[in-house]
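Numbering (my numbering), first residue to last: 4 to 146.
Contents: one structure, followed by commentary.
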């Protein structure tokens, strides 16, 4: 969890812009601690996204993803994944997500147009399943 800088929530938050300082600093943090990825918080301390991807959390048989009002990028793959989930009757909730839920989540995955759907194996000492991630990946590949 990169928490040295946060992403502001404003009218431009949902777009990719030239202002990439938070992502660059999170990337340096990732490299310094030899991590595979780092999660970014918004100015209110809630989950926003990862360095280059949207984040999804599976908890209590539902998929949660930060709402656009939380400052995340309105990614193309984010929309595709939410559509696939809804088509397969998996509830998707766009909400404000407290980072503490990562300690209780059943599964976490990240998405972007380049990498598709990528399962997050663990966060700290917590390890995640990959059932929903695999299902969504299979459905995406058949498209």
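Cβ atoms here follow ideal geometry from the backbone N, Cα and C, with glycine treated the same way.
Residue 14 sits in coil when the DSSP states are folded into three classes, being neither helix nor strand. Residue 96 sits in a strand when the DSSP states are folded into three classes. Within the DSSP bridge table, the entry for residue 114 names 57, 120 as partners. Boundaries of the alpha helix (DSSP H) around residue 145: 134-145.
Burial state of residue 27 is exposed, judged by a 10 Å Cβ sphere holding fewer than 16 other Cβ atoms.
Assignment of residue 46 by DSSP, reduced to helix, strand and coil, places it in the coil class. For residue 87, the enclosing alpha helix (DSSP H) begins and ends at 79-90. Straight-line spacing of the CA atoms in residue 124 and residue 113 works out to 11 Å.
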